[in-house]
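Per the UniProt record's numbering: the sequence shown = residues 1 to 310.
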Amino acid sequence: MTEALIIDGCRTPRGIGKPGKGALTGIHPQHLGATVLKALAERNNLNTAEVDDIIWGTSSQRGPQGGDLGRMAALDAGYDVKASAVTLDRFCGSGITSVNIAAGSVMSGMEDLVIAGGTEMMSTFGQGGSASSPFIDSGNARLREVHPQPHQGVCADAISTLENISREAVDELALVSQKNAAKAIECGHFDKSLVPVYKEDGTLALDHEEFPRPNTTFEALSELKPSFDSLADYPLDEDGTTFRKLILKKYPDLEINHVHHAGNSSGVVDGAAALLLASPDYAKANGMKPRAKIKAMANMGDSPTLMLNA
Numbered sequence: 001m002t003e004a005l006i007i008d009g010c011r012t013p014r015g016i017g018k019p020g021k022g023a024l025t026g027i028h029p030q031h032l033g034a035t036v037l038k039a040l041a042e043r044n045n046l047n048t049a050e051v052d053d054i055i056w057g058t059s060s061q062r063g064p065q066g067g068d069l070g071r072m073a074a075l076d077a078g079y080d081v082k083a084s085a086v087t088l089d090r091f092c093g094s095g096i097t098s099v100n101i102a103a104g105s106v107m108s109g110m111e112d113l114v115i116a117g118g119t120e121m122m123s124t125f126g127q128g129g130s131a132s133s134p135f136i137d138s139g140n141a142r143l144r145e146v147h148p149q150p151h152q153g154v155c156a157d158a159i160s161t162l163e164n165i166s167r168e169a170v171d172e173l174a175l176v177s178q179k180n181a182a183k184a185i186e187c188g189h190f191d192k193s194l195v196p197v198y199k200e201d202g203t204l205a206l207d208h209e210e211f212p213r214p215n216t217t218f219e220a221l222s223e224l225k226p227s228f229d230s231l232a233d234y235p236l237d238e239d240g241t242t243f244r245k246l247i248l249k250k251y252p253d254l255e256i257n258h259v260h261h262a263g264n265s266s267g268v269v270d271g272a273a274a275l276l277l278a279s280p281d282y283a284k285a286n287g288m289k290p291r292a293k294i295k296a297m298a299n300m301g302d303s304p305t306l307m308l309n310a
């Protein structure tokens, strides 16, 4: 079996993913994906007709992010129509799954040049037209009885309770993460991979990270109120189903300690990223210098009720 070589990778800056607050909120998700695809083509002098496939990950596939976003983004980027694309959803693992599938295709010998990536614009959430189900099971009551699936923020609090992870511990981890991000940005570690985003009229939309908070302090984090305690008890249907009740179906004695808040939870952001993968033969024939090799991949599921412990 051949190796899958990572030739290049790029991403947009992370914009604040809230309508009216982030610099990318007015950009169409397809255009955001096209930005990184176009950058890969230009940086590597690609003949896009030779791109065997584009594997794209997008978790919220509704509204502006609906349809085959990867294919639309490739066409928007000016790729040859021969460059096919598919868009997949594995929730938060969508992007890494696109890389795994692309690598597997190259390693099997089926394809020689594949792009993997994804787009997620959290500022578009709720723009899907008709009201969507508040349940991850999309209203499948039979499935819900067997595998109740709450909101991931409530799940995070449940896991921290089960694992005896304190509020202080998660705040400390958040602080370290912010400091590490600030140092990496200051040292220019992301400069090579970061590509600016431009509006339709050609003016600059964003060329730097909006999300990290380099001035975060432990004291400021300690003052923030938990984000998911009230959400846990919000009625989701006329029967009074709540996310807390869904968890208690599997863990009836669990008294959830709510430790997660806006300062120690994953960011609400907009962005897109892409990797260019090639077989050794294709890379050699086209003078491409690999940055890394993918030698093995793996994935597995775990408790759908806790959902974040896989």
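Ideal Cβ placement from N, Cα and C applies to all residues, glycine included.
(request) Kindly indicate the opening and closing residues of the alpha helix (DSSP H) around Cys92. (result) Position 92 of the sequence shown, counted from the first residue, corresponds to residue 92. Run containing Cys92: none; DSSP gives neither H nor E here.
(message) For Met288, tell me which candidate among Asp302, Glu120, Asp112 has the shortest Cα-Cα distance.
(response) By 1-based counting over the sequence shown, the position of residue 288 is 288. Residue Asp112 is the option with its Cα nearest to Met288.
(message) Just to confirm before moving on: does the CB-CB distance between Ile54 and Val197 stay below 8 Å?
(response) Numbered from its first residue, the sequence shown carries residue 54 at position 54. Numbered from its first residue, the sequence shown carries residue 197 at position 197. Going by C-beta atoms, Ile54 is not nearer than 8 Å to Val197.
(request) Would you kindly work out how many angstroms separate the C-alpha atoms of Leu221 and His260, rounded to a whole number? (result) Here residue 221 corresponds to residue number 221 of the sequence shown, with the count starting at 1. Here residue 260 corresponds to residue number 260 of the sequence shown, with the count starting at 1. Taking the straight line from one Cα to the other gives about 10 Å.
(request) Give a yes or no on whether the C-beta atoms belonging to Tyr79 and Val99 are separated by under 8 Å. (result) Taking the sequence shown and counting its residues from 1, the one referred to as residue 79 is at position 79. Taking the sequence shown and counting its residues from 1, the one referred to as residue 99 is at position 99. Their beta carbons are not under 8 Å apart, which means Tyr79 does not touch Val99 by this criterion.
(request) Note down, one range per segment and in chain order, each beta strand (DSSP E) of at least 3 residues found wholly within the stretch 188–253. (result) 204–206
(request) May I have the straight-line CA-CA distance separating Leu143 from Pro304, to the nearest angstrom? (result) Within the sequence shown, residue 143 is the residue found at index 143, counting from 1. Within the sequence shown, residue 304 is the residue found at index 304, counting from 1. Cα-Cα distance, rounded: 11 Å.
(request) Can you have a look at Arg71 and say buried or exposed, based on whether 16 or more other CB atoms are within 10 angstroms of its CB? (result) Here the question's residue 71 lines up with position 71 in the sequence shown. Answer is buried; the Cβ neighbour count reaches 16.
(request) For the stretch 205–218 and the stretch 177–191, state whether three or more C-beta atom pairs, one from each stretch, are separated by less than 8 Å. (result) yes
(request) Going by CA-CA distance only, name the one from Ser160, Ser132, Ala85, Thr119 that's closest to Ser94. (result) Against the sequence shown, residue 94 aligns to sequence position 94. Of the listed residues, the one whose Cα sits closest to Ser94 is Thr119.
(message) Please return the same chain residues whose Cβ sits closer than 6 Å to the Cβ of Ala41, not counting the five positions on each side in sequence.
(response) Residue 41 sits at position 41 when you count from the first residue of the sequence shown. Only Thr48 meet the Cβ criterion.
(message) At the level of alpha carbons, what is the spacing between Leu308 and Leu173?
(response) For this step, residue 308 is matched to residue 308 along the sequence shown. For this step, residue 173 is matched to residue 173 along the sequence shown. Rounded to whole angstroms, Leu308 to Leu173 spans 17 Å at the Cα level.
(message) Runs of 3 residues minimum, wholly inside the stretch 21–99: which ones carry the beta strand (DSSP E) assignment?
(response) 53–57, 85–88
(request) Compute the Euclidean distance between the alpha carbons of Gly66 and Ser60, then round it to the nearest angstrom. (result) For the purposes of this step, residue 66 is identified with residue 66 of the sequence shown, where counting begins at 1. For the purposes of this step, residue 60 is identified with residue 60 of the sequence shown, where counting begins at 1. Each residue's Cα considered, the two are about 8 Å apart.
(message) Whole angstroms are fine: how far does the CA of Ser177 sit from the CA of Ala296?
(response) Within the sequence shown, numbered from 1, the residue matching residue 296 stands at position 296. Within the sequence shown, numbered from 1, the residue matching residue 177 stands at position 177. The straight-line gap from Cα to Cα measures roughly 27 Å.
(message) Within a Cβ cutoff of 8 Å, which residues of the same chain sit near Asp239, ignoring the five residues on either side of it in sequence?
(response) Counted from its first residue, the sequence shown places residue 239 at position 239. Within the same chain, Asp239 has no close Cβ partners at all.
(request) Using a threshold of 8 Å, state whether the C-beta atoms of Phe243 and Val154 are closer than that. (result) Counting from 1 along the sequence shown, the entry for residue 243 is found at position 243. Counting from 1 along the sequence shown, the entry for residue 154 is found at position 154. Yes.
(request) List the endpoints of the continuous alpha helix (DSSP H) containing Glu168. (result) Locating residue 168 in the sequence shown gives position 168, counting from the first residue. That run of the alpha helix (DSSP H) goes 167–186.
(message) Quick test of your reading: Leu236 and Val114, contact by CB under 8 Å. State the CB separation rounded to the nearest angstrom.
(response) As a position in the sequence shown, residue 236 is number 236, starting the count at 1. As a position in the sequence shown, residue 114 is number 114, starting the count at 1. Wrong, their Cβ atoms sit about 40 Å apart, outside the cutoff.
(request) Please confirm whether Asp171 and Asn264 have their CB atoms less than 8 Å apart. (result) The sequence position of residue 171 within the sequence shown is 171, counting from 1. The sequence position of residue 264 within the sequence shown is 264, counting from 1. In contact: Asp171 and Asn264 (Cβ atoms closer than 8 Å).
(request) Go through its chain and collect everything with a Cβ distance to Ile6's Cβ below 8 Å, but skip five positions before and after it. (result) Locating residue 6 in the sequence shown gives position 6, counting from the first residue. Leu275, Leu276, Leu277, Pro290, Arg291, Ala292, Lys293, Ile294.
(request) May I ask which residues mark the beginning and end of the beta strand (DSSP E) holding Gly9? (result) Along the sequence shown, read from residue 1 onward, the residue named residue 9 stands at position 9. Looking at the DSSP string, the run of the beta strand (DSSP E) that includes Gly9 is 4–11.
(message) Taking the beta carbon of Phe218 as the centre, do at least 16 other beta carbons fall within 10 Å, making it buried, or is it exposed?
(response) Translated into the one-based positions of the sequence shown, residue 218 becomes position 218. Exposed.
(request) Assign Val268 to one of three DSSP states: helix, strand, or coil. (result) As a first step, residue 268 is located in the sequence shown; it is residue number 268 there, counting from the start. The answer is coil: DSSP assigns Val268 none of H, G, I, E or B.
(message) Taking the alpha helix (DSSP H) that Leu113 belongs to, which residues open and close that run?
(response) In the sequence shown, residue 113 corresponds to position 113, counting from 1. Not the alpha helix (DSSP H): Leu113 falls in the beta strand (DSSP E), residues 113–121.
(request) To the nearest angstrom, report how far apart Val106 and Ala285 are at their CA atoms. (result) Walking along the sequence shown from the start, residue 106 turns up at place 106. Walking along the sequence shown from the start, residue 285 turns up at place 285. Spanning the two alpha carbons is a distance of roughly 15 Å.
(request) Go ahead and label Pro226 buried or exposed: buried means 16 or more other beta carbons lie within 10 angstroms of its beta carbon, across all protein chains shown. (result) Translated into the one-based positions of the sequence shown, residue 226 becomes position 226. By the neighbour-count rule (16 or more Cβ atoms within 10 Å), Pro226 is buried.
(request) Name the residue from Gly301, His208, Cys187, Glu145 whose alpha carbon lies nearest to the alpha carbon of Lys250. (result) As a first step, residue 250 is located in the sequence shown; it is residue number 250 there, counting from the start. Minimum Cα distance to Lys250 is reached at Glu145.
(request) Could you name the residues that DSSP lists as bridge partners for Leu276? (result) Here residue 276 refers to the residue found at position 276 when the sequence shown is read from its first residue. Answer by DSSP bridge pairing, in chain order: Asp8, Ile115.
(request) Please state whether DSSP places Lys295 in a helix, a strand or coil. (result) On the sequence shown, residue 295 is found 295 positions in, with the first residue counted as 1. Lys295 falls in the coil class under three-state DSSP.
(request) Kindly indicate which three-state DSSP category Gly15 falls into: helix, strand or coil? (result) Position 15 of the sequence shown, counted from the first residue, corresponds to residue 15. Correct three-state label for Gly15: strand.
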